[in-house]
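Q:
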Amino acid sequence: MAEQLLAHRGEPLAARTAWAVRSWWLCARMWMRSMMAYRASFALNLLASLATHSLDFVVLVIMFRHTDRLGGWNLPEIAFLYATATFSLGVANMLVGSVDGLGVRIVNGSLDTMLIRPAPALSQLCAERFSLRRLGRPLQAVAVLAWSLAALDVHWTWDRVLLVPVLLVCGSVIFGAIYVGGATVQFWWGESKEIQNSFTYGGATLLHYPPTIFAKELVAGVVFGVPLAFVNWLPALHILGRPDPLGLPVAFQYASPVAAALCVAAAGLAWRAGLRAYRGTGS
Amino acid sequence: MALIELQDVRRSFTVRARTGRFSRTKREVRAVDGLSFTVEAGECVGYIGPNGAGKSTTIKMLTGILVPSSGRLRVAGVDPARERVTLARRIGVVFGQRTTLWWDLPLRDSFELARRIYRIPDRRYRENLDRCVELLDLGALLDTPVRQLSLGQRMRGDLAAALLHDPQVLYLDEPTIGLDVVSKGKVREFLREVNRDRGTTVLLTTHDLTDIEQLCDRVMVIDHGRVVYDGGLDGLHATGRSERTLVVDLAEARAPIDVAGARVVKVEGPRQWLAFPAPQSAAPIVAAVAERYPLVDLSVREPAIEDVIARMYAEVAIG
Amino acid sequence: MLNAVPAGARPPDPTAAPAASPRPDAAAALGLYAAVAHGAFRRYSTYRAATLAGTFTNTVFGIILASSFLALWQARPGLGGYDQSQAVTYIWVSQALLVTVAVWGGGFQDDVQDRFRSGDIAVDLYRPVDFQGWWLATDLGRAAFQLLVRGTGPMLVGALVFRTRLPENPLTWAFFLLSVLLAVVVSFGLRFLVSITGFWLHDSEGVRSVMLVVSMFFSGMLLPIALFPGLLGDLAPVLPWAALVKVPTDVFLERASGSGLLGALGFQLAWAAALLAAGRGAQWLATRRVVVQGG
């Protein structure tokens, strides 16, 4: 199956990917302009989105007015977790988050309209309703990250420094793959959107807190099951110099790119299987 | 050259119905059940049938959205199921009830997106756009947001958007639905132009038979997933299902006329309507009536295409 | 994200039911609203898959947040007057309330929004059935269903996985249900005001998202209000949002008893009455506006 994914209709994967990205951009740009038609609502929405997402952090700050440590981690450390998880989710949500509308598009037939265009349906779906107002979440995360990096008491070695951007990119990719993979379930079960929410929004909420406060089974589940731990927990253990509650090999702390690649491959295969099922057994 | 080719194409769906609080049963529904036909390049074919006959399943297979359960299918030289994206560049699709235009943006922007998505060379794009703008009278609308267009204007926009990449085949699903008479006329005129002058093959589904009468030389009637008629419009009348009507005005109101070869379908005072098979001559019936009844006036009415098709659907349903 | 209306949700067609003649008889009116509420209950009960998915999400969030509260209360036992099991129970009760009380918004709001989009809303104002009463009835029906399913499901999981605290006095359950009912009415009052801005604003989406922020925070959904510092801590308990989550959880955890309990319920009742009255005023203005614009 992996081979099929790589060699599709003779066209090289690189060309196909480039065309998929370009299609996404063409549609996303149209949506951006569409959304600008309602300027006042746009500003209000961006502000509201900034405020909503900041609230999660405000809650953490209030918690830390009552305690110095949560699960043994201090506020700058938790802010680092919060910022990296929120940034990754925010970027993924902005770029591909609309894919969760799949179930609705199947019901109202607009998926069919996408399938008759010579651009990948997935690109069109992900670009749907693209709007810069979704910048609220990552922007707010960047601000918290900046504060956290300044406040952290960390000995910055070159590998720790390098791991921060790697973490942000891989984290976004992992969340993106979870969005796509989760949405694919809607090909079979149209109302599963909320389940996906528990892995995306729920996942990000989980990653706001240190792994030390959760049951070991849960932590193991997000390392070996849905690999959320690779978004920020594992690399953060290395960056912040914290012991791993599961005692996994150190290699795991550098393995985010591998996890991200596996997630993308899995999501890609799932999407293809889902689309095939739709075209084979759809309405 | 056959542009569209179907050989014994079948497509079934599994329908799950809830039968009790927790029990479900699976049932197989054959939406398309052994379709075979070919459409030559340059033809304009009307594809009609009652709701649920399998029309949209056919269109979805012809556009590559759905994969047939069995049978062979070729459109514009490719297998739609396997090469959907290649096919997409060779076909144009217009859904009457669903616009593909960008709601909040000027019409021009939707065309511009089509240019990029279909990778239309600049010169060809310009020529095609100019032609569509002229024929569809879109000049004044290009900078209007789509949401401000009337239904008819939007349909014209959709038609243009579907033709900018010079498709070999144009599928139209109810292109005139909900349009006023003037808009319908414009759309039909344009489609005739596209079909005759550009040689674009057109496959049209519609409930408005005037579309068929004015555009198509060939009509296919489908019901229960099978073709029940394939031929010219005239041929429909000759299938024997079509009836002509003899309207007679008697000197006074009478009981329904009783003559061989015709039956009374309506009585209104002294006027009576007699239906008889279309291919049959009216003369013997007229003679028989005149012989026995005080005749004042009479006229013969040709069958309406709607009636013919309605009778055809009814017969298939019974048979 | 948690209030997603099941795909394909249709607004109940107000033209369908009120065929019943608008007798000025109070009993008949009550019967009609009961039928409307029952209809809404049944409608939500048909979205089985979505309900299941939503219950799952509530449970996942419950586990994550309960773990974080456990860590906080391990560091600071007795914080805000909650002991550890009370703090964890707080999370599970608030998860049960999230969709029931529609802290997040939604419920009838999505239906009203659809009717704005389709333009049917102007007609709705002139139906023989009262506009506000109609939607309140549907919202109560919806809340009843969601309390039953999306409320109890996560609660059960919470009780199995964590050490939770159930009411000691059996009467508390009755007071809790009453408090939830009042919470739904207060929440309805707030959401009704937001929805009705649609008569003046082109798009009430923005107002709604601002409301979401305020509501999630000041209801105590994210963090018990008792933990809010300074001025925030003084202000939050008197705002209407406190009626949504803070009061019902207080009742459930038996943090209020006797006159304190009556005071808490009275607080909810006062806000419910004030908001319904404000909604009525806004409805009157909207009707007038529609008249001026000629529909």
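Protein chains in written order, with this note's numbering: chain X, 31 to 313; chain B, 197 to 515; chain Z, 712 to 1006. Quick reminder that beta carbons are idealized off the backbone N, C-alpha and C, glycines included. What you are looking at is a predicted structure, and each value in this text was computed from that prediction instead of being measured.
1) Locate the alpha helix (DSSP H) running through L470 of chain B, then write down its first and last residues.
2) Does DSSP put F233 of chain B in a helix, a strand or coil?
3) Buried or exposed for S128 of chain X, please, with buried defined as at least 16 other CB atoms from any protein chain shown within 10 angstroms of its CB.
4) To which residues of the same chain is A854 of chain Z closer than 6 angstroms at the C-beta, ignoring the five residues directly before and after it?
5) Can a CB atom of chain Z be found closer than 7 angstroms to the CB of T262 of chain X?
6) Between the region 64 to 81 of chain X and chain B, which residues of the former have a C-beta closer than 7 angstroms to a C-beta of the latter?
7) Can you tell me whether DSSP reads Y243 of chain B as helix, strand or coil?
8) If you draw a straight line from the alpha carbon of Y801 of chain Z to that of G421 of chain B, how long is it in whole angstroms?
9) What does F928 of chain Z reach in chain X if we use C-beta pairs closer than 7 angstroms?
10) From the DSSP output, in three-state form, read off R66 of chain X for me.
11) To the nearest angstrom, report how far apart Y758 of chain Z and E224 of chain X are at their CA atoms.
12) Can you tell me which of the three DSSP states P948 of chain Z falls into?
13) May I ask you to report which of helix, strand or coil DSSP gives E41 of chain X?
14) For D737 of chain Z and L743 of chain Z, I'd like the C-alpha separation in whole angstroms.
15) Tell me the residue span of the alpha helix (DSSP H) that contains D183 of chain X.
16) Could you check whether the region 164 to 174 of chain X touches the region 259 to 274 of chain X, counting it as contact only if at least three pairs of C-beta atoms, one from each stretch, sit closer than 8 angstroms?
17) Alpha helix (DSSP H) containing E330 of chain B: first to last residue?
18) What whole-angstrom Cβ distance do V799 of chain Z and A777 of chain Z have, given they're in contact under 8 angstroms?
19) So what's Q857 of chain Z in DSSP terms, helix, strand or just coil?
20) Any Cβ of chain B within less than 7 angstroms of the Cβ of R309 of chain X?
21) Hey, A289 of chain X and I204 of chain X are a contact pair by Cβ (cut 8 angstroms); roughly how many whole angstroms apart?
22) Taking all protein chains shown into account, do 16 or more other C-beta atoms lie within 10 angstroms of the C-beta of K382 of chain B, making it buried, or fewer, making it exposed?
23) Check for me: the beta strand (DSSP E) holding G288 of chain B runs from which residue to which?
24) Report yes if the C-beta distance between Y367 of chain B and L399 of chain B is below 7 angstroms; otherwise report no.
25) So which residues on chain X does L301 of chain B lean against when the C-beta distance must stay under 9 angstroms?
26) Please classify Y284 of chain X: does DSSP put it in a helix, a strand, or coil?
27) Do M65 of chain X and S161 of chain X have their C-beta atoms closer together than 7 angstroms?
28) Quick one: Cα of F291 of chain B to Cα of V485 of chain B, how far?
29) Would DSSP call F209 of chain B helix, strand or coil?
30) Under 9 angstroms between beta-carbons, which chain B residues line up against L56 of chain X? List them in chain order, please.
31) Give every residue of the same chain whose Cβ lies closer than 6 angstroms to the Cβ of Q216 of chain X, excluding the five residues on either side of it in the sequence, and list them in chain order.
32) Any beta carbon from chain X within less than 7 angstroms of A984 of chain Z's own beta carbon?
33) Can you confirm whether I373 of chain B, when its beta carbon is compared against all beta carbons of chain X, has any partner nearer than 7 angstroms?
34) With distance defined between alpha-carbon atoms, name the residue in B:F233, B:T406 and B:V205 nearest to T377 of chain B.
35) Spell out whether any CB of chain X is found under 7 angstroms from the CB atom of T401 of chain B.
36) DSSP on V455 of chain B, reduced to helix/strand/coil?
A: With the given structure in hand:
1) Taken as a continuous stretch (DSSP letters only), L470 of chain B belongs to no alpha helix (DSSP H), being part of the beta strand (DSSP E) at R467 to P473.
2) strand
3) buried
4) T811 and V895
5) It is Asn, not Thr, that sits at residue 262 of chain X in the sequence shown. No, N262 of chain X does not count as interfacial toward chain Z.
6) S64 and A67
7) strand
8) 59 angstroms
9) L85
10) In the sequence on display, residue 66 of chain X carries Met and not Arg. M66 of chain X falls in the coil class under three-state DSSP.
11) 13 angstroms
12) helix
13) strand
14) The question names Asp, but residue 737 of chain Z is Ala in the sequence shown. Whole-angstrom Cα-Cα distance: 10 angstroms.
15) Neither: D183 of chain X is in no alpha helix (DSSP H) and is coded neither H nor E.
16) no
17) D318 to L332
18) 5 angstroms
19) helix
20) yes
21) 6 angstroms
22) buried
23) I287 to F291
24) yes
25) M60, R63, S64 and A67
26) helix
27) yes
28) 51 angstroms
29) strand
30) L309, R312 and I313
31) L132, G133 and S222
32) no
33) no
34) Correcting the residue identity first, residue 377 of chain B is Val in this sequence and not Thr. For the residues B:F233, B:T406 and B:V205, the minimum Cα distance to V377 of chain B belongs to B:T406.
35) no
36) coil
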